[in-house]
Amino acid sequence: MEIGWLILMIFFIIYGLFLGAMVFHLNTYAFSRSAKWMSNLIIVLAAALSLIAILSFSRVPWNEIELEKGFRNSRYNIN
Amino acid sequence: MSLRKGFVIHGIILIKMLNLDPDEKIQLVMHHHWIFIVGEAVLTFFLASLPFIAGPFFLLFVNITATPSLFIFFSSIWLLIVALIGFGLWMDYYLDALVITDRRILNVEQTGIFKHSVQEFRIEKVQDVTIEAPNFLATFLNYGNITLSTAGEMTFSIKEVPNPHLARDVILKNAKNIGGNPQSL
């Protein structure tokens with residue numbers, strides 16, 4: 014599942030860069046301390062969700078999942 | 094709306110951010126009325142709740158053994174994207190402001206995510222201040238549009254600010270103090 018990890022990491026890198034740019038922009042033009050709190054909140058939230066995403070991704074049995082009976086009955090099946 | 098309360102913090106940050114003179118006094122800082130963030134907040138919460146609404150349908154397509162991890166994975170990725178959208182919407186709301194000092198009026202505008210502009214003119218150049226309540230909701234919730242005309246035939250308007258009468262009073266008072274001759278419409 015190396016390609017999956019690669020795609021996930023690319024997603025997190027792009028997400029991190031974009032979020033970092035937004036936080037930087039907000040703090041550059043901020044009016045009050047609430048911007049700082051909001052920045053910290055979104056960073057903590059994003060970090061927590063990223064951690065959950067990575068942990069759950071690692072627990073999915075990707076290699077054992079396969080399409081059972083084509084698109085009409087598109088259930089994934091283990092084994 | 095941020096009025097005098099918190100102006101010490103506002104003042105320090107604004108003097109630095111807007112390059113105000115050290116002895117320039119901030120009279121009023123106004124953001125858009127809160128009603129305009131409510132719609133965006135509802136949209137964000139709706140998007141955030143979609144995985145939980147769509148969860149039962151997810152079970153139809155995925156084997157039960159793989160479901161928890163897959164569901165949590167896709168939900169967390171979705172929530173990451175929604176969190177970014179919500180943050181962007183809040184930023185757009187928060188970074189739009191009307192700042193009135195004893196010398197200037199500054200219309201700080203955030204367009205999209207990264208476009209930021211500051212329009213300013215000196216308060217003695219204000220000639221007309223027009224207030225408009227565009228609908229019943231505006232009257233009921235006490236918000237409206239303010240249009241300012243200056244001596245140089247320049248006009249600009251700030252939409253959906255709370256308590257526009259207060260903003261008009263502050264502008265007129267400062268304009269009179271500084272020697273202008275504005276009219277209120």
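Residue numbers (the working numbering), protein chains in the order written: chain A, 14 to 92; chain B, 94 to 278.
For every residue, glycine included, the Cβ atom is placed at its ideal position computed from N, Cα and C.
Where the alpha helix (DSSP H) through residue i begins and ends
i	result
Arg72(A)	Ser47 to Arg72
Ile26(A)	Glu15 to Thr41
Ala244(B)	Careful: Ala244(B) lies outside any alpha helix (DSSP H) and carries neither H nor E.
Leu113(B)	Run containing Leu113(B): none; DSSP gives neither H nor E here.
Proximity winner among the options, relative to residue i (alpha-carbon distances)
i	options	result
Thr243(B)	Leu230(B), Ile264(B), Ala231(B) and Ala226(B)	Ile264(B)
Asn267(B)	Leu113(B), Asp114(B), Lys118(B) and Leu140(B)	Lys118(B)
Ile206(B)	Gly181(B), Asn200(B) and Ala141(B)	Gly181(B)
Tyr28(A)	Val175(B), Leu163(B) and Asp116(B)	Val175(B)
Phe145(B)	Phe129(B), Phe167(B) and Val131(B)	Phe167(B)
Lys218(B)	Asn270(B), Val211(B) and Gln120(B)	Asn270(B)
Ile239(B)	Asn112(B), Gly148(B) and His124(B)	His124(B)
Arg215(B)	Met247(B), Phe233(B) and Pro115(B)	Met247(B)
Thr223(B)	His258(B), Gly245(B) and Ala147(B)	His258(B)
Ser169(B)	Pro74(A), Leu68(A) and Asn76(A)	Leu68(A)
Asn200(B)	Asp262(B), Ser250(B), Ala147(B) and Ile128(B)	Ser250(B)
Asp116(B)	Thr194(B), Leu241(B), Thr232(B) and Ile198(B)	Thr194(B)
Pro161(B)	Trp171(B), Gly148(B), Leu172(B) and Leu230(B)	Gly148(B)
Interface flag, residue i vs chain B, CB-CB below 8 Å
i	result
Met51(A)	yes
Met22(A)	no
Val57(A)	no
Leu62(A)	yes
Ile26(A)	no
Leu30(A)	no
Ile65(A)	yes
Cutoff 6 Å; reference residue i; Cβ partners in own chain excluding five residues on either side
i	result
Gln203(B)	Asp185, Leu188, Asp189 and His209
Thr137(B)	Gly179
Beta carbon proximity, residue i to chain A, threshold 8 Å
i	result
Met71(B)	This structure leaves residue 71(B) out entirely; chain B is present only between 94 and 278.
Ser142(B)	no
Asp130(B)	According to the sequence as given, residue 130(B) is Ile; it is not Asp. By this cut-off, Ile130(B) is not an interface position.
Val122(B)	yes
Ala260(B)	no
Gly148(B)	no
First through last residue of the beta strand (DSSP E) which encompasses residue i
i	result
Asp261(B)	According to the sequence provided, residue 261(B) is Arg. The question's Asp does not apply to it. From DSSP, Arg261(B) is part of no beta strand (DSSP E) but of the alpha helix (DSSP H) over Pro257 to Ile271.
Phe214(B)	Lys208 to Arg215
Neighbourhood of residue i by C-beta, 8 Å cutoff - its chain only, sequence neighbours within 5 removed
i	result
Ile130(B)	Leu182, Trp183 and Tyr186
Gly17(A)	Phe70 and Trp75
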